[in-house]
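**Student:** Mind having a look at this structure? Questions to follow.
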Amino acid sequence: MNLLSWTQQPLFGIAATIVVYALSRVLHVRFKWMHPILFCSAVLIGFLVIGNIPLQDYKNGADILALILGPATIALGVPIYKYRELVKKQFAAICLSITCGSIVGIVSVAAIMMSLDGAREVMLSMLPKSVSSPIAVEISKSLGAMPELSAVFTVFTGVVGALFGTTFLRMTGIRGEVPLGIAMGTAAHGFGTAKSLADSEKQGTFSGLAMGLAGLITSILFTPIYMFLM
């Protein structure tokens, strides 16, 4: 079996992703600024380009890994159940916080892009940047924007949030695990939730809750906000 035929096997995409990501996690321990997702993506893209390997060959296996995202997201419900009493007690405040955060996230991007005379299609692609990629892509499609660009902005937002979000929030005086988790999940979706889970289970729990509710709330509010802005 030559190299080209081996890369066409699903095992190639799976093995390449796992090995490179494992390496990125090891490097991240020593170099905190080197985010695992960015490093992993850069290495895999470079490998495919240098090796002249078709993207579809990689996707044959990588798409199988993507199927795990659904169950992994559902698994966030386990710690939420553990803290269910606290969630019930503060649910109204949590929903209000996430709603305000989602609205500010959308409106602030629109205001900045309009003030800079940014291209309308680019602005529309940026608007859903703070929700998880699948939701952002669907919103982008409904707006007639560029889903691929929306995915890029979503990943960039998540990475920046994961790298600097907690530090920035603590500098502003926000230190409680619940508010930190809510803020990270609302602004930086899955990346923020992963960072919050690394900090503490409680913070990660509320970040996961915020990520899910932010996606739901944004989907509901996006149309009226869009009509108001446009």
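Using the UniProt record's numbering, read the sequence shown as starting at 1 and increasing by one per residue.
For glycine and all other residues, C-beta sits at the position ideal for the given N, C-alpha and C.
1. Am I right that His189 and Ser132 are in contact with their C-beta atoms under 8 Å? What's the rounded C-beta distance?
2. How many Å lie between Lys129 and Gln9 at the Cα?
3. Of the choices Ile225, Ile220 and Ala210, whose alpha-carbon is the least far from that of Leu76?
4. My guess is that Leu96 and Ala110 are in contact by the Cβ rule of under 8 Å, so how many angstroms apart are they, rounded?
5. Is the beta carbon of Ile225 less than 8 Å from the beta carbon of Ile103?
6. Let me make sure I understand the geometry here. Which of Leu180, Val122, Phe39 and Arg175 has the alpha-carbon closest to that of Gly101?
7. Can you have a look at Val155 and say buried or exposed, based on whether 16 or more other CB atoms are within 10 angstroms of its CB?
8. Quick one: which unbroken alpha helix (DSSP H) runs of 4-plus residues sit fully inside the region 22-55? Chain order, please.
9. State the DSSP-derived secondary structure class of Ile106, mapped to helix, strand or coil.
10. Here's the rule: buried if 16 or more other CB atoms are within 10 angstroms of the residue's CB, otherwise exposed. What is Asp57?
11. Take the Cβ of Arg175 as the centre, count every other Cβ of all protein chains shown within 10 Å, and call the residue buried at 16 or more, exposed below.
12. Compare the beta carbon distance of Thr13 and Gly61 with 8 Å and say whether it is the shorter of the two.
13. Whole-angstrom Cβ separation of Leu169 and Leu143, contact assumed at under 8 Å?
14. Measuring only the C-alpha atoms, how far is Cys40 from Thr186?
15. Would you mind listing the alpha helix (DSSP H) stretches within the region 106-177 that are 4+ residues and don't spill past its ends, in chain order?
16. Mapping the DSSP letters down to three states, classify Ile68 as helix, strand or coil.
17. The alpha helix (DSSP H) that contains Leu86, what's its start and end?
18. Could you give the C-beta distance for Leu55 and Val20, rounded to a whole number, given that I count them as a contact under 8 Å?
19. Buried or exposed, going by whether 16 or more other CB atoms sit within 10 Å of the CB of Met184?
20. Could you check which residue in Ser207, Ile220, Gly212 and Ala194 has the C-alpha nearest to that of Arg25?
21. Scan the region 170-225 and note each continuous beta strand (DSSP E) run of 3 residues or more that stays entirely inside, going in chain order.
22. On the criterion of 16 or more Cβ atoms from any shown chain inside 10 Å, does Ile74 qualify as buried, or is it exposed?
23. Please state whether the Cβ-Cβ distance between Ile220 and Ile98 is less than 8 Å.
24. Between the C-alpha atoms of Ala15 and Ala66, what's the straight-line distance to the nearest angstrom?
**Tutor:** Let me spell this out:
1. Within the sequence shown, numbered from 1, the residue matching residue 189 stands at position 189. Within the sequence shown, numbered from 1, the residue matching residue 132 stands at position 132. Confirmed, about 5 Å.
2. As a position in the sequence shown, residue 129 is number 129, starting the count at 1. As a position in the sequence shown, residue 9 is number 9, starting the count at 1. Spanning the alpha carbons of Lys129 and Gln9 requires a straight line of approximately 33 Å.
3. Against the sequence shown, residue 76 aligns to sequence position 76. Ranking Ile225, Ile220 and Ala210 by Cα distance to Leu76 puts Ala210 first.
4. On the sequence shown, position 96 is the one that residue 96 refers to. On the sequence shown, position 110 is the one that residue 110 refers to. A Cβ-Cβ separation of about 22 Å leaves Leu96 out of contact with Ala110 under the 8 Å criterion.
5. Residue mapping note: residue 225 aligns to position 225 of the sequence shown, counting from 1. Residue mapping note: residue 103 aligns to position 103 of the sequence shown, counting from 1. Yes; because the gap between Cβ atoms is below 8 Å, this pair is in contact.
6. Mapped onto the sequence shown, residue 101 falls at position 101. When only C-alpha atoms are compared, the closest one is Leu180.
7. Position 155 of the sequence shown, counting from 1, holds the residue named residue 155. The residue is buried, with at least 16 neighbouring Cβ atoms inside 10 Å.
8. Note on the region 22-55: whole alpha helix (DSSP H) runs with a minimum of 4 residues are 36-50, in chain order.
9. Numbered from 1 along the sequence shown, position 106 holds the residue referred to as residue 106. Residue state for Ile106 is assigned as helix, using DSSP reduced to three classes.
10. By 1-based counting over the sequence shown, the position of residue 57 is 57. Flag for Asp57 reads buried.
11. As a position in the sequence shown, residue 175 is number 175, starting the count at 1. If you draw a 10 Å sphere on the C-beta of Arg175, you find fewer than 16 other C-beta atoms in it, and that means exposed.
12. Position 13 of the sequence shown, counted from the start, is the residue given in the question as residue 13. Position 61 of the sequence shown, counted from the start, is the residue given in the question as residue 61. As written in the sequence, residue 13 is Gly, which differs from the Thr given in the question. For Gly13 and Gly61, yes; Cβs fall inside 8 Å.
13. For this step, residue 169 is matched to residue 169 along the sequence shown. For this step, residue 143 is matched to residue 143 along the sequence shown. Cβ atoms of Leu169 and Leu143 stay farther apart than 8 Å, at about 30 Å.
14. Counting from one through the sequence shown, the residue named residue 40 turns up at place 40. Counting from one through the sequence shown, the residue named residue 186 turns up at place 186. Roughly 24 Å between the two C-alpha positions.
15. Within the region 106-177, the runs of alpha helix (DSSP H) at least 4 residues long that lie entirely inside it are, in chain order, 120-126, 133-143 and 147-171.
16. Sequence index remark: in the sequence shown, residue 68 carries index 68 (1-based). Coil, per DSSP.
17. To locate residue 86, count along the sequence shown from 1; it is residue 86. Counting along the chain, the alpha helix (DSSP H) containing Leu86 begins and ends at Arg84 to Lys89.
18. The residue given as residue 55 occupies position 55 in the sequence shown. The residue given as residue 20 occupies position 20 in the sequence shown. With 8 Å as the limit, Leu55 and Val20 do not qualify as a contact, their Cβ atoms being about 16 Å apart.
19. The sequence position of residue 184 within the sequence shown is 184, counting from 1. Residue burial is scored here from C-beta neighbours: Met184 has at least 16 other C-beta atoms within 10 angstroms and is therefore classed as buried.
20. Position 25 of the sequence shown, counting from 1, holds the residue named residue 25. Ranking the options by Cα distance to Arg25, first place goes to Ala194.
21. With a minimum length of 3 residues, no continuous beta strand (DSSP E) run stays inside the region 170-225.
22. Taking the sequence shown and counting its residues from 1, the one referred to as residue 74 is at position 74. It counts as exposed.
23. In the sequence shown, residue 220 corresponds to position 220, counting from 1. In the sequence shown, residue 98 corresponds to position 98, counting from 1. No, they are not a contact pair.
24. For the purposes of this step, residue 15 is taken as residue 15 along the sequence shown, with counting starting at 1. For the purposes of this step, residue 66 is taken as residue 66 along the sequence shown, with counting starting at 1. Put simply, the backbone Cα of Ala15 is about 13 Å away from that of Ala66.
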